[in-house]
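Student: Chains as they are written, first to last, in UniProt numbering: chain S, 1 to 365; chain U, 1 to 365; chain Z, 1 to 365. Built from N, CA and C at the ideal position, the CB exists for glycine as well. Small disclaimer: the values here were computed from a predicted structure and weren't measured.
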Amino acid sequence: MFELRLVQGSLLKKVLESLKDLVNDANFDCSATGFSLQAMDSSHVALVTLLLRSEGFEHYRCDRNITMGMNMGNMAKMLKCAGNDDIITIKADDGTDTVTFMFESPSQDKIADFEMKLMDIDSEHLGIPETEYEAIVRMPSAEFARICKDLSTIGDTVAISVTKEGVGFSTRGDIGTANTVCRQNTSVDNPENATVIEMEQSVTQTFALRYMNSFAKATPLANRVTISMSSELPLVVEYKIAEMGHLRFYLAPKIEEEEEIAGQVETGNRKETKSKLEKKPEVKPMVVEESEPDKESQLKLEIKFEPKTNSEVNTLGETKCKVESDDYTLVETKPEAESNGDICTLVETKPEAESNSEAQVMDVE
Amino acid sequence: MFELRLVQGSLLKKVLESLKDLVNDANFDCSATGFSLQAMDSSHVALVTLLLRSEGFEHYRCDRNITMGMNMGNMAKMLKCAGNDDIITIKADDGTDTVTFMFESPSQDKIADFEMKLMDIDSEHLGIPETEYEAIVRMPSAEFARICKDLSTIGDTVAISVTKEGVGFSTRGDIGTANTVCRQNTSVDNPENATVIEMEQSVTQTFALRYMNSFAKATPLANRVTISMSSELPLVVEYKIAEMGHLRFYLAPKIEEEEEIAGQVETGNRKETKSKLEKKPEVKPMVVEESEPDKESQLKLEIKFEPKTNSEVNTLGETKCKVESDDYTLVETKPEAESNGDICTLVETKPEAESNSEAQVMDVE
Amino acid sequence: MFELRLVQGSLLKKVLESLKDLVNDANFDCSATGFSLQAMDSSHVALVTLLLRSEGFEHYRCDRNITMGMNMGNMAKMLKCAGNDDIITIKADDGTDTVTFMFESPSQDKIADFEMKLMDIDSEHLGIPETEYEAIVRMPSAEFARICKDLSTIGDTVAISVTKEGVGFSTRGDIGTANTVCRQNTSVDNPENATVIEMEQSVTQTFALRYMNSFAKATPLANRVTISMSSELPLVVEYKIAEMGHLRFYLAPKIEEEEEIAGQVETGNRKETKSKLEKKPEVKPMVVEESEPDKESQLKLEIKFEPKTNSEVNTLGETKCKVESDDYTLVETKPEAESNGDICTLVETKPEAESNSEAQVMDVE
Numbered sequence: 001m002f003e004l005r006l007v008q009g010s011l012l013k014k015v016l017e018s019l020k021d022l023v024n025d026a027n028f029d030c031s032a033t034g035f036s037l038q039a040m041d042s043s044h045v046a047l048v049t050l051l052l053r054s055e056g057f058e059h060y061r062c063d064r065n066i067t068m069g070m071n072m073g074n075m076a077k078m079l080k081c082a083g084n085d086d087i088i089t090i091k092a093d094d095g096t097d098t099v100t101f102m103f104e105s106p107s108q109d110k111i112a113d114f115e116m117k118l119m120d121i122d123s124e125h126l127g128i129p130e131t132e133y134e135a136i137v138r139m140p141s142a143e144f145a146r147i148c149k150d151l152s153t154i155g156d157t158v159a160i161s162v163t164k165e166g167v168g169f170s171t172r173g174d175i176g177t178a179n180t181v182c183r184q185n186t187s188v189d190n191p192e193n194a195t196v197i198e199m200e201q202s203v204t205q206t207f208a209l210r211y212m213n214s215f216a217k218a219t220p221l222a223n224r225v226t227i228s229m230s231s232e233l234p235l236v237v238e239y240k241i242a243e244m245g246h247l248r249f250y251l252a253p254k255i256e257e258e259e260e261i262a263g264q265v266e267t268g269n270r271k272e273t274k275s276k277l278e279k280k281p282e283v284k285p286m287v288v289e290e291s292e293p294d295k296e297s298q299l300k301l302e303i304k305f306e307p308k309t310n311s312e313v314n315t316l317g318e319t320k321c322k323v324e325s326d327d328y329t330l331v332e333t334k335p336e337a338e339s340n341g342d343i344c345t346l347v348e349t350k351p352e353a354e355s356n357s358e359a360q361v362m363d364v365e
Numbered sequence: 001m002f003e004l005r006l007v008q009g010s011l012l013k014k015v016l017e018s019l020k021d022l023v024n025d026a027n028f029d030c031s032a033t034g035f036s037l038q039a040m041d042s043s044h045v046a047l048v049t050l051l052l053r054s055e056g057f058e059h060y061r062c063d064r065n066i067t068m069g070m071n072m073g074n075m076a077k078m079l080k081c082a083g084n085d086d087i088i089t090i091k092a093d094d095g096t097d098t099v100t101f102m103f104e105s106p107s108q109d110k111i112a113d114f115e116m117k118l119m120d121i122d123s124e125h126l127g128i129p130e131t132e133y134e135a136i137v138r139m140p141s142a143e144f145a146r147i148c149k150d151l152s153t154i155g156d157t158v159a160i161s162v163t164k165e166g167v168g169f170s171t172r173g174d175i176g177t178a179n180t181v182c183r184q185n186t187s188v189d190n191p192e193n194a195t196v197i198e199m200e201q202s203v204t205q206t207f208a209l210r211y212m213n214s215f216a217k218a219t220p221l222a223n224r225v226t227i228s229m230s231s232e233l234p235l236v237v238e239y240k241i242a243e244m245g246h247l248r249f250y251l252a253p254k255i256e257e258e259e260e261i262a263g264q265v266e267t268g269n270r271k272e273t274k275s276k277l278e279k280k281p282e283v284k285p286m287v288v289e290e291s292e293p294d295k296e297s298q299l300k301l302e303i304k305f306e307p308k309t310n311s312e313v314n315t316l317g318e319t320k321c322k323v324e325s326d327d328y329t330l331v332e333t334k335p336e337a338e339s340n341g342d343i344c345t346l347v348e349t350k351p352e353a354e355s356n357s358e359a360q361v362m363d364v365e
Numbered sequence: 001m002f003e004l005r006l007v008q009g010s011l012l013k014k015v016l017e018s019l020k021d022l023v024n025d026a027n028f029d030c031s032a033t034g035f036s037l038q039a040m041d042s043s044h045v046a047l048v049t050l051l052l053r054s055e056g057f058e059h060y061r062c063d064r065n066i067t068m069g070m071n072m073g074n075m076a077k078m079l080k081c082a083g084n085d086d087i088i089t090i091k092a093d094d095g096t097d098t099v100t101f102m103f104e105s106p107s108q109d110k111i112a113d114f115e116m117k118l119m120d121i122d123s124e125h126l127g128i129p130e131t132e133y134e135a136i137v138r139m140p141s142a143e144f145a146r147i148c149k150d151l152s153t154i155g156d157t158v159a160i161s162v163t164k165e166g167v168g169f170s171t172r173g174d175i176g177t178a179n180t181v182c183r184q185n186t187s188v189d190n191p192e193n194a195t196v197i198e199m200e201q202s203v204t205q206t207f208a209l210r211y212m213n214s215f216a217k218a219t220p221l222a223n224r225v226t227i228s229m230s231s232e233l234p235l236v237v238e239y240k241i242a243e244m245g246h247l248r249f250y251l252a253p254k255i256e257e258e259e260e261i262a263g264q265v266e267t268g269n270r271k272e273t274k275s276k277l278e279k280k281p282e283v284k285p286m287v288v289e290e291s292e293p294d295k296e297s298q299l300k301l302e303i304k305f306e307p308k309t310n311s312e313v314n315t316l317g318e319t320k321c322k323v324e325s326d327d328y329t330l331v332e333t334k335p336e337a338e339s340n341g342d343i344c345t346l347v348e349t350k351p352e353a354e355s356n357s358e359a360q361v362m363d364v365e
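Below, the structure is given as structure tokens:
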């Protein structure tokens, strides 16, 4: 028997609205510690983790750890039927293959029960090591969303640069270039509007804007966003969920050679492609993506994390996941013999390990 | 000469906005008593009646009963050009085949005249008997609209169940089931928010959600909606129009065998069709509908009312239509020899009666 | 070196939003007097002029007259990235072929630089003579926009009629006719809502509604619009831009024979085309338009202005352009031998004059 009751039901509605376009199907992991999720996006490039700690619920009961596989689109459809002020209850009886969502209006005059079949989803739990990031930016989430949206009208990728002075976002496209800087500012009237930078060394990395825009769909969840970066590590974009947990997005950086960026010279309105770029084979490791075929710079990337098989670190919250940083494997994929050495991939390397996905939840707090 | 002047012109704008997608062409009947309309929807499944009593207008003049055939889409286009605060005048001179809509801004500084050709529309006036319904639900119109919209994201039909405790709305679709209950509640702070049930016996009927959603487009007309149901009778969804009249929608229930509903078992995300369902021929009585061919439960229904030829009851409001309940004919259509007896149809049975459609308006108040 | 700084950056955002659908590419002319633009719409039927006087900017520096060719869509994309409260700086260094837009948030915490390549656009500067118009209407811009939008649901063209009593807008289409009159009203509480008519003689002219709707996209720029008309001259629709200048749209009237208008008789829902109309060849002078081929009344028009080659009147604001009214040439184009004499065109007649487009800016104040 699993049951949770969330008075602020709109939180769950917002979580699903932010996930439904990024992730198709995912396993929710229910344990005594909380309700959590870890899933790759449908093109296997980005990773999402959700944590809602049991203490945050008005009522939380989990007799034994269970995994509930759900289609995010269908779950979002059902949660859309909850009013913004409704109390949401999620219930799953032992031995059934359905989950029930109950929505109660604040006045208790309207009660809705939605029942959805659960799915069997094949997934690996990845151990996400607790990492010290070289640069951490905390800024208003709406501003981050606005910048990503603005830049994507100009280009496809964003270079994020963190220095002591501030954080810069740059792009380049057929019609020109754009460069937005948010200065560190801790002395604003409202601390919600501050841009705060915590860093050991300055970092610059480049990411696909289309993923950044997907992540920014979580903006309604929190007024603030935290962006954590280290060279050669995936970036983390984190939204706190009230006092209960967080929604985190991981995305591997694109690694582009200097000349390649310089090669994208606009002449009038056409992008001139240097012949040297044409010699490069497009790298496609198992990843299906809807990118236009003529964008040579759209290198396909795969985030890969080592799956954890050590059971001590597998149960959510019971044992803190204290993995050494060398546990975190950065793999260069060489899809064809002549690898050009420019892809940073973090690969799930042991799919054959046959780990038990049921009780395998990582706490990365 | 016919002329009416409506200070609260937005009412007429809202009426047309609710009708334009449901009804293509319709005859407006103008008599000394009021301005009214009776029309089938374009797929001949639902019936709409509108009544605006003459007393409700600032000015109302109708020298003789006339019928004005109008295309609802075109009329809606013209009324959309009226401002929300405009005074609307409708005028038709004798012997012309046009109608004029005049819109005056409150300051009288802007005056617009729109002229539209009238159409000859072949239609029968149906006598709608004054019926005692077994169950009547009065509830906030926005809540009814929200429930219909929510359920239609899950399924195609809604089973409405009225008991003393409340009214329930249930559906079932590929992704799961939904069941919303509004409890009877007469002691709310604001009587506009009450859900009030008046019933002789509990009733459960199933309807196509796509029609319910069409009806709910009238929500801006009134804060409250009245749903009247009797077993084997069409449901009535009524919106009051200020102090002037009403907009009513009639829809015949779908009659489905128990096994049929049970046959729609979802397995994962696919709907499993029991072979017994495939043996049933799809019933199609003169009705063209855009439903998907594989939904066996989408039985085609036709509402049929006996047309009234008795002139005493035909003139709007002059003689109250006191028809006995056995006047109301429930007809089983048998499109092919092997009728499976599961359609509740109310058929317009005397199209050959050559009734004079001009002065034939029913008052069903 | 050219640099301007506009504290009320939203003005420039609104200017581009109103232009981007009408004009593809245009040359901005920068001189000591101001920042201006003159461009034909993409189908070469309407003419737009923009003037932002140098005094209106917080900072304005223009070392020598320059012309900056820009794609309006791309420029609009970049300006969309400016916040509504941002201060906008436009900068172009000598000898470069790029322009930089800088957006500073009011708090100065966020600064964005957008760089766009300039284009070489072939264009003639037209001398627009200072004309005394026979009728000038000043009215609320929102009301003008609403009327154009409303009428375009009924017909394709609008006949604008100015008399002492007021200004009338009429159209006719398949579904009927519409006629809106705004009465002259100078004694309203709020002068912003007044409709003021200044006229020597009454004028009636017919215009394509699709252009009027394009012009009305400038409505957010100003609460009031000025419509100037003279028989046989293009109409001018003017929006003032704060204290800085204006955005003006010029459109030649359609000239239709009386019989032709009468020929568009609606019968029911179909437009009956008189056979006499079919005998008329459709006039197509170099103009590409997406109008439906069966609308005989959609005559192609071309606005033509004499280009000014007299240098005294060419520099923006330095010498007021005092052209006699006979300088203004109204040309009848005869695309084929059998001209039917019904097109009023104002043609740019001297493209071979090889005028220097750089310093050739007309002040038509």
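1) Please classify residue 96/Z as buried or exposed, where buried requires at least 16 neighbouring CB atoms within 10 angstroms.
2) Tell me, which residues are paired with residue 245/Z by DSSP?
3) Does chain U have any CB closer than 7 Å to the CB of residue 17/S?
4) Could you tell me which of 203/S, 134/S and 175/S sits nearest to residue 168/S, measuring between CA atoms?
5) In chain S, what lies closer than 7 Å to residue 183/U by C-beta?
6) Inspect the CB distances between the region 91-106 of chain U and the region 128-144 of chain U and report whether three or more fall short of 8 Å.
7) Roughly how many angstroms separate the alpha carbons of residue 92/U and residue 214/U, rounded to a whole number?
8) Taking residue 155/U as the query, report the chain S residues whose CB atoms sit under 8 Å from its CB, ordered along the chain.
9) Using CA atoms only, rank isn't needed, just tell me which of 76/S, 75/S, 104/S and 81/S is closest to residue 88/S.
10) Kindly provide the ranges of any alpha helix (DSSP H) runs that are 4 or more residues long and lie completely inside the region 50-134 of chain U, ordered along the chain.
11) Between the C-alpha atoms of residue 16/U and residue 13/Z, what's the straight-line distance to the nearest angstrom?
12) Around the C-beta of residue 94/S, are 16 or more other C-beta atoms found within 10 angstroms, so that it is buried, or is it exposed?
13) Could you tell me how far apart the beta carbons of residue 57/U and residue 4/U are, in whole angstroms, since I believe they sit closer than 8 Å?
14) If you check the beta carbons only, do residue 198/Z and residue 223/Z fall under 7 Å apart?
15) Would you say residue 113/U reaches chain Z, if we count a Cβ-Cβ gap shorter than 7 Å as a contact?
16) Quick one: grab the DSSP three-state call for residue 209/U.
17) Using beta-carbon positions only, say whether residue 209/S and residue 156/S come within less than 7 Å of one another.
18) Confirm, please, whether the CB-CB distance from residue 10/Z to residue 84/Z is below 7 Å.
19) In angstroms with no decimal places, state the Cα-to-Cα distance between residue 164/S and residue 229/S.
20) Give the single residue among 207/Z, 243/Z and 115/Z whose Cα lies nearest to the Cα of residue 51/Z.
21) What does a CB cutoff of less than 8 Å around residue 404/Z pick up in its chain, not counting 5 residues either side in sequence?
22) Measure from the C-beta of residue 190/Z to each C-beta in chain S and report whether the shortest distance is under 7 Å.
23) Considering only residues of the same chain and omitting the five flanking positions on each side of residue 240/S, which have a CB-CB separation below 6 Å?
24) Kindly give me the distance between the Cβ atoms of residue 120/Z and residue 69/Z, rounded to whole angstroms, as I take these residues to be in contact under 8 Å.
25) For residue 178/Z, go through chain U and note every residue whose CB falls closer than 8 Å to its CB, in chain order.
26) First and last residue of the alpha helix (DSSP H) that includes residue 10/S?
27) Could you give the DSSP three-state label for residue 287/S: helix, strand or coil?
28) In whole angstroms, what separates the C-alpha of residue 78/U from that of residue 49/Z?
29) Check whether the Cβ atoms of residue 171/S and residue 154/S sit closer than 7 Å, and answer yes or no.
30) Report the rounded CA-to-CA distance for residue 187/Z versus residue 194/Z, giving the unit in angstroms.
Tutor: If we stick to the structure as given:
1) exposed
2) Beta-bridge pairing links residue 245/Z to 52/Z and 241/Z.
3) no
4) Residue 168/S has its Cα closest to that of 203/S, out of 203/S, 134/S and 175/S.
5) 109
6) no
7) 30 Å
8) Ordered by position in chain S, no residue passes the 8 Å Cβ test against residue 155/U, which lies about 11 Å from the chain.
9) 104/S
10) Unbroken alpha helix (DSSP H) runs of no fewer than 4 residues, entirely contained in the region 50-134 of chain U, are found at 72-80, following chain order.
11) 37 Å
12) exposed
13) Contact between residue 57/U and residue 4/U holds, with the beta-carbon distance rounding to 5 Å and staying under 8 Å.
14) no
15) Closer than 7 Å to some Cβ of chain Z, the Cβ of residue 113/U qualifies, so yes.
16) DSSP places residue 209/U in the helix class (H, G or I) of the three-state scheme.
17) yes
18) yes
19) 14 Å
20) The candidate whose alpha carbon is nearest that of residue 51/Z is 243/Z.
21) Residue 404/Z is absent from the structure shown; chain Z starts at 1 and stops at 365.
22) no
23) So the list reads 222 and 246, once near-sequence residues are dropped.
24) 6 Å
25) 78, 81, 112, 113, 114 and 115
26) 10-19
27) Per-residue confidence for residue 287/S stands at a pLDDT of 32, beneath the threshold of 50, marking its modelled position as unreliable; the derived number appears in the next sentence. In this structure, residue 287/S counts as coil in the three-state DSSP scheme.
28) Rounded to whole angstroms, residue 78/U to residue 49/Z spans 34 Å at the Cα level.
29) yes
30) 7 Å
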